[in-house]
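Novice: Chains as they are written, first to last, in the working numbering: chain A, -13 to 98; chain B, 4 to 117.
We put the CB at the ideal spot given by N, CA and C, even for glycine.
Dropping the structure in here first, questions after.
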Amino acid sequence: SQQGEEDPQALSIQEGENATMNCSYKTSINNLQWYRQNSGRGLVHLILIRSNEREKHSGRLRVTLDTSKKSSSLLITASRAADTASYFCATEAYSGNTPLVFGKGTRLSVIA
Amino acid sequence: GAGVSQSPRYKVAKRGQDVALRCDPISGHVSLFWYQQALGQGPEFLTYFQNEAQLDKSGLPSDRFFAERPEGSVSTLKIQRTQQEDSAVYLCASSQQGQGRKLFFGSGTQLSVL
């Protein structure tokens, strides 16, 4: 079963625009991570935000976490055609020996 | 190695055939995970190893699925008597031990059962 639900399922924007993807989850977490997957490839880790953090930045990426609403958002600023990929959120529970649980993903298309 | 390596990259099997998928994790990574990814979906957890110990196999869909990591490094996912519903991409990931770990994924094995 998949805990995270990304919204929207698909997003198409023009190069230079910002892209925002949302993730909702169901259970208490230790941390939430975002991954990117190019077509036909494995997933690549982008950023991790811990449950006691509210916002984190990495280059053009900004992640927020609202544990009261059990939701997170990923913002990609000044998008490029190379950002075209699927983006997944993944949650890790508190117990530590539990696997990351992934959502269904958002397919982002950036049009040049 | 430089990254997680999976082989074969593609596998076509006839229904009823047994298959074995290999994963070579990053050297020194204690944890190893197998995920199954259907087309257009997110990865679904199958099983998890810490060194050679299989700590969680709750995601294996049936007793036709078996995974091993006998020396705590390379892992093999075996599927017996393959069915069409087994067609998917099988992803392997490894990580260092502990919480807050990030996963390093291989490119996956795309299995097609005809």
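Return the chain-ordered list of same chain residues with a C-beta closer than 7 Å to the C-beta of Val33(B), the five sequence neighbours on each side being excluded.
Specialist: Excluding positions up to five away in sequence, the list reads Gln53, Asn54, Gln99 and Gln100.
Novice: Please list the terminal residues of the continuous beta strand (DSSP E) segment that includes Ser65(A).
Specialist: Looking at the DSSP string, Ser65(A) is not in any beta strand (DSSP E), and its letter there is neither H nor E.
Novice: For the region -5 to 23 of chain A, which segments carrying the beta strand (DSSP E) assignment without a break, of at least 3 residues, lie completely within its bounds, in sequence order?
Specialist: Qualifying beta strand (DSSP E) stretches, in chain order: -4 to 0, 5 to 10 and 17 to 23.
Novice: What residue from Gly91(A), Ala5(A) and Arg22(A) has the CA that sits closest to Leu42(B)'s CA?
Specialist: It is Gly91(A).
Novice: For Lys14(B), list the residues DSSP reports as bridge partners.
Specialist: The partner list for Lys14(B) (beta bridge, DSSP) reads Leu114(B).
Novice: If contact means a Cβ-Cβ distance below 7 Å, which residues of the region 58 to 91 of chain B contact chain A?
Specialist: The region 58 to 91 of chain B vs chain A, Cβ under 7 Å: Leu58 and Asp59.
Novice: Do Phe88(A) and Pro28(B) count as a contact pair if the criterion is CB distance below 7 Å?
Specialist: Cβ distance not < 7 Å, so Pro28(B) and Phe88(A) don't count as in contact.
Novice: Under 9 Å Cβ-Cβ, which residues of chain A neighbour Leu114(B)?
Specialist: Ordered by position in chain A, no residue passes the 9 Å Cβ test against Leu114(B), which lies about 14 Å from the chain.
Novice: How is Asp66(B) classed by DSSP in three states: helix, strand or coil?
Specialist: If DSSP states are grouped into helix, strand and coil, Asp66(B) belongs with coil.
Novice: Spell out a yes or no on whether the region 11 to 27 of chain B and the region 71 to 84 of chain B are touching, meaning 3 or more CB-CB pairs, one atom from each, closer than 8 Å.
Specialist: Touching, per the Cβ criterion.
Novice: Report the option in His43(A), Lys42(A) and Ala68(A) whose CA atom is closest to the CA atom of Leu94(A).
Specialist: For the residues His43(A), Lys42(A) and Ala68(A), the minimum Cα distance to Leu94(A) belongs to Ala68(A).
Novice: Smallest Cα separation from Lys79(A): which of Lys12(A), Thr6(A) and Ala5(A)?
Specialist: The identity of residue 79(A) in the sequence shown is Ala, whereas the question assumes Lys. Selected option, being the one with the closest Cα: Lys12(A).
Novice: Grab the span of the beta strand (DSSP E) containing Leu94(A) for me, first residue to last.
Specialist: Residues Thr92 to Ile97.
Novice: Kindly say whether Leu94(B), judged by its beta-carbon, lies nearer than 7 Å to any beta-carbon of chain A.
Specialist: Chain A, which has a Cβ nearer than 7 Å to the Cβ of Leu94(B), makes this yes.
Novice: Check for me: the beta strand (DSSP E) holding Tyr80(A) runs from which residue to which?
Specialist: From DSSP, Tyr80(A) is part of no beta strand (DSSP E); its letter is neither H nor E.
Novice: Determine, using beta carbons only, whether Pro28(B) comes closer than 7 Å to chain A.
Specialist: Taking Cβ atoms only, chain A never reaches closer than 7 Å to Pro28(B), which makes this a no.
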